[in-house]
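Structure record follows, encoded as structure tokens.
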């Protein structure tokens, strides 16, 4: 019974996936390539450069570091709420955890990751 | 004295020789002489004391234990190994070889002595395979033109057979444990109870293939011509003189004692394969133009005789077959040394490249003649005793196979004598290098004399040696 | 403290974490003495190995469980990483990554719950992706690292899916047996993830690129410690249900892997890629060993065959990759005539290659023998024959390498990478790996000792 359910689930997911990928192609109008018809619409002017472009890697670095310290915060919040229950042991553990992250911060600071260079 | 010293001494000497550059040759000579001396020592004490020399260590892991022993079969083979190693070292004395050459031969000797000494299947297999490594390097580093291909082919072929043999061992050990609850790898204890039914047949066939590649049994023999021809002189002597004996020794020590009924039931097949080997080897030898290849194929034929005698499981057959092992070691060793001497002087090996050497090199001719006649089986020399007894043994069981053996003897004369006459007696033809062939040096003559004298001795007075061998293999007779 | 966080159970991991801290601190120094990071790396790994050896089996539900197998494997991870610690570049990031990876492996070994298992799995894999992408040839290394990352993340996702299915069947995340089709499906998916990690055929496609593009010493680490971790993961899964479909299909995977790895390696001309395929072939033997172990009831002592194989492989593979780093060779053509240029290094290479091929009396031979023995004991005769065939085929290319090095004349100029002086660390690692590889086959009592250790005597 369970095996049947699993098989049906997998089949349904696959079917849904296929439908969603292709429904535009099946139900939409036939694409007409008229000159610049495929270009994005920018008040009729031809685009100066590609929309994607690339960003400096430093932004990505900051984003990742933000995520790391955000997860740090995510651990700190439940700890702060439950600390009265666990007592000294929990305090030590969290101190070690935060200490490690502070070490990481010191390391990044020292290595100049946190600076914005032009 | 300790039996383990018989392989530890050459092994240690091999390491020593590899490290010292110029004295390696002397180290090798000293170690080989010492090993030969040590192996002869049990002979003084007499036959009954042989069992007192055995040693068995503590059980290490699932019944594997280091145990060595010697008996009437393995003692002469140990003598043969030590003697041939000494001969090879003496013969190569003048050649300018690096220290690795001497170390390789010492390591080979250590491994071969180990094969004949070990009574535990694990260590037997370990030394069996370990012998391949030095031989691989000997063929590949100091061999002739096609040596690279020959060395790899030799290794892979024999390794394939040996791995099957290992699987056979594993099945035997496991089935023994299932039947008795005891883990053991000891050759004596594993004889009963043995695996029966399909599993027993499969493991027996695995053993036959594994030993058969080494013997070699036709059609598992195709590695032999290349390996023997491409190896250097010393390598060919050790290969033909000792390593082929490992296969027959394996049959005598493991395959037949472990599966006597299967051997008996399959006697027509096993004997048939041996007989095919005798005739096929002889026919191939007749077609050869290269002297070394001719001698190589003759080895296939001669070991077929050994097996014919052994598979017959009669007293004469077993004794004769085992004696033929030693005979073949001596005669083929001498023949390869002589062909090597010819090649060294003339740089050619073809039958038509020589001629009329009887006048130029009398000692060479003499030794070559004696060895050829010994290998054909002329009465008075050692080959006759071995071949006659083997065929007598097989005549009792399956006369048709003995007849094939007799045809093989005739064919042996048919390839050996024309070769001898073409090289030594005929007139030199076009492109002959006979002018470059000088006679044997004193050292070479000495080593060959050391090989030829036992041929005469065994041929005229084989009694003591046969008695020794009988004490070892007599138990296998039906 | 023990009830909150079992410190003593995680002592080796704490040593490694301290190592990470030490590495970062050392990295912050303005003038770092040479060899400091190497010393930090080696001492942390040795401390972790010693602590793992000194620990006693204990259980700390719900997350941790230390048993004999886990502790022995932890030692294996630390020792397998030692050559990398000695040979790697003196930079704090790779050292910290190495510690992170071994820490993850230790967590995987000490896992008592699927959560810890998954945590360890991911923690050990992520630094490995980064270590691979730091290879010398930057473009290739980055591409290989990315491929490895995708493959490994897929494996992690498969593992999670299997975990959830198993949870649905057993209603708990503890590593305990459960029955039913859901549990079987879950085990199968998790087993697929473990096989992915080991590099079993047909899930091996990331492996040759990753091993070839990484630095040789990193590839050595991947092939030994990482494979050992994958094998342990597979063993933990097989242990849960020794008669499950997963356990019964393992010998077949083992045979497929060992044969495919051996045949694919025959055509390789680049040495590191050849070693990668040979690594796949060896993994096949390990998987076969795990299958045979599971078929015999998954006891402690029975794991001795797989453990010995991993130890022997540790020496052989680390040695082979260390040779590639020391000699600077990269293709088979460059190997021609090597024995005349560098006889000692060539001798060590020959010892390592013969051990990899399983020729007596090397350690590799005893390892293959033990696995084949277990296979014969289970009655899997076909698999044993396949193992023999795989050993023979793999010997074909190992012998070809020895032939190239020894029997061919020296051709042309050696590559520039081969002309530098060898550091003492490199020589030490090579010797320490090659000599045990060559000689351990003489001592089967070592295998007996391991069986005893694993069964708790």
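Chains as they are written, first to last, in the numbering used here: chain H, 1 to 118; chain R, 1 to 478; chain W, 1 to 457. Just so it is clear, CB atoms sit at the ideal spot from N, CA and C, and this is done for glycine as well. All values reported here derive from a predicted model rather than from experimental measurement.
Against residue i, what residues of chain W qualify as contacts under a CB-to-CB distance less than 7 angstroms, listed in chain order?
{"i": "residue 249(R)", "result": "By Cβ distance, chain W contributes nothing, its closest Cβ being about 17 angstroms from residue 249(R), past 7 angstroms."}
{"i": "residue 163(R)", "result": "388, 391 and 392"}
{"i": "residue 60(H)", "result": "Under the 7 angstroms cutoff, chain W gives no residues; its nearest Cβ is about 15 angstroms from residue 60(H)."}
{"i": "residue 110(H)", "result": "28"}
{"i": "residue 129(R)", "result": "359 and 360"}
So, at 8 angstroms on beta carbons, what are the nonlocal neighbours of residue i in its own chain, with the 5 sequence-adjacent residues on each side left out?
{"i": "residue 33(R)", "result": "86"}
{"i": "residue 1(W)", "result": "For residue 1(W), the pLDDT reaches just 44, beneath the cut-off of 50, and the residue's location in the model is therefore unreliable, although a value from the coordinates is still provided. Cβ neighbours of residue 1(W) beyond the five flanking positions: 7."}
{"i": "residue 237(W)", "result": "187, 190, 191, 194 and 246"}
{"i": "residue 290(R)", "result": "229, 349, 350 and 351"}
{"i": "residue 116(W)", "result": "63, 64, 107, 108 and 110"}
{"i": "residue 420(R)", "result": "368, 369 and 372"}
{"i": "residue 378(R)", "result": "384"}
Grab me the residues of residue i's own chain with a C-beta within less than 7 angstroms of its C-beta, minus the 5 sequence neighbours each way, in chain order.
{"i": "residue 291(W)", "result": "247, 250, 251 and 254"}
{"i": "residue 334(R)", "result": "367, 371, 448, 451 and 452"}
{"i": "residue 70(W)", "result": "109 and 110"}
{"i": "residue 357(R)", "result": "364, 365, 423, 424, 434 and 437"}
Among the options, which residue has its Cα nearest to the Cα of residue i?
{"i": "residue 301(R)", "options": "355(R), 383(R) and 28(R)", "result": "383(R)"}
{"i": "residue 238(R)", "options": "437(R), 375(R) and 111(R)", "result": "111(R)"}
{"i": "residue 394(W)", "options": "365(R), 5(R), 280(R) and 159(R)", "result": "159(R)"}
{"i": "residue 32(W)", "options": "347(W), 355(W) and 90(W)", "result": "90(W)"}
{"i": "residue 20(W)", "options": "101(W), 83(W) and 412(W)", "result": "101(W)"}
{"i": "residue 272(W)", "options": "259(W), 244(W) and 217(W)", "result": "217(W)"}
{"i": "residue 97(W)", "options": "120(W), 128(W) and 105(W)", "result": "128(W)"}
Sorted by chain position, which residues of the same chain lie with C-beta nearer than 6 angstroms to residue i's C-beta, five sequence neighbours on each side aside?
{"i": "residue 233(W)", "result": "194"}
{"i": "residue 472(R)", "result": "71, 72 and 73"}
{"i": "residue 273(R)", "result": "217"}
{"i": "residue 223(R)", "result": "153, 154 and 157"}
{"i": "residue 129(R)", "result": "162"}
{"i": "residue 48(W)", "result": "12, 15, 16 and 78"}
{"i": "residue 276(R)", "result": "218"}
{"i": "residue 137(R)", "result": "104"}
{"i": "residue 360(W)", "result": "441"}
What are the start and end residues of the alpha helix (DSSP H) that includes residue i?
{"i": "residue 446(W)", "result": "445–454"}
{"i": "residue 58(R)", "result": "Run containing residue 58(R): none in the alpha helix (DSSP H); it sits in the beta strand (DSSP E), 55–61."}
{"i": "residue 341(W)", "result": "338–341"}
{"i": "residue 242(W)", "result": "Where residue 242(W) is concerned, there is no enclosing alpha helix (DSSP H), given that its DSSP letter is neither H nor E."}
{"i": "residue 324(R)", "result": "315–346"}
{"i": "residue 293(W)", "result": "271–295"}
{"i": "residue 128(R)", "result": "121–130"}
{"i": "residue 242(R)", "result": "First-last for residue 242(R): undefined, no H or E at that position."}
{"i": "residue 142(W)", "result": "138–170"}
{"i": "residue 254(R)", "result": "Residue 254(R) -> no alpha helix (DSSP H), and no H or E assigned at all."}
Taking C-beta pairs closer than 8 angstroms, name the residues in chain W that residue i reaches, listed in chain order.
{"i": "residue 103(H)", "result": "21, 24 and 25"}
{"i": "residue 56(H)", "result": "Those within 8 angstroms of residue 56(H) in chain W number zero; the least Cβ separation is about 19 angstroms."}
{"i": "residue 106(H)", "result": "28"}
Hey, could you find the ends of the beta strand (DSSP E) residue i is sitting in?
{"i": "residue 59(W)", "result": "58–60"}
{"i": "residue 64(W)", "result": "64–66"}
{"i": "residue 480(R)", "result": "Residue 480(R) cannot be examined here, being either before or after the span of chain R that is shown, 1 to 478."}
{"i": "residue 64(R)", "result": "64–68"}
For residue i, return the contacting residues in chain H, with the cut-off set at a CB-CB distance below 8 angstroms.
{"i": "residue 61(W)", "result": "Simply none; closest approach about 17 angstroms."}
{"i": "residue 5(W)", "result": "89 and 93"}
Just to make sure I have the definition right: I need the residues of chain R whose C-beta is within less than 7 angstroms of the C-beta of residue i. Which are they?
{"i": "residue 302(W)", "result": "Per Cβ cutoff of 7 angstroms: no residues; residue 302(W) is ~12 angstroms from chain R at best."}
Anything in chain R within Cβ reach of residue i, meaning under 8 angstroms, just list it in chain order.
{"i": "residue 407(W)", "result": "140, 141, 147, 148 and 151"}
{"i": "residue 395(W)", "result": "155, 156 and 159"}
- prompt: Given a limit of 7 angstroms on CB to CB distance, which residues of the segment 16–28 of chain W reach chain H?
  reply: Taking 7 angstroms as the Cβ-Cβ cut-off against chain H, the residues of the segment 16–28 of chain W that qualify are 21, 24, 27 and 28.
message: Please identify, using Cβ separations under 7 angstroms, the residues of the segment 78–95 of chain H that lie next to chain W, in order along the chain.
response: 86, 89, 90 and 93
Contact set between the segment 418–449 of chain W and chain R, restricted to residues whose Cβ is under 7 angstroms from the partner: Cβ contacts with chain R: 441, 444, 445, 447 and 448.
- request: Could you name the residues of the segment 174–185 of chain W whose beta carbon sits closer than 8 angstroms to any beta carbon of chain H, in the order they occur along the chain?
  value: Going along the segment 174–185 of chain W in chain order, one finds 180, 181, 182 and 185 with a Cβ nearer than 8 angstroms to chain H.
message: Short of 8 angstroms Cβ to Cβ, which residues in the segment 1–21 of chain H face chain W?
response: 2, 3 and 6
Against chain R: residues of the segment 373–386 of chain W by CB proximity under 8 angstroms: 373, 376, 377, 381, 384 and 385
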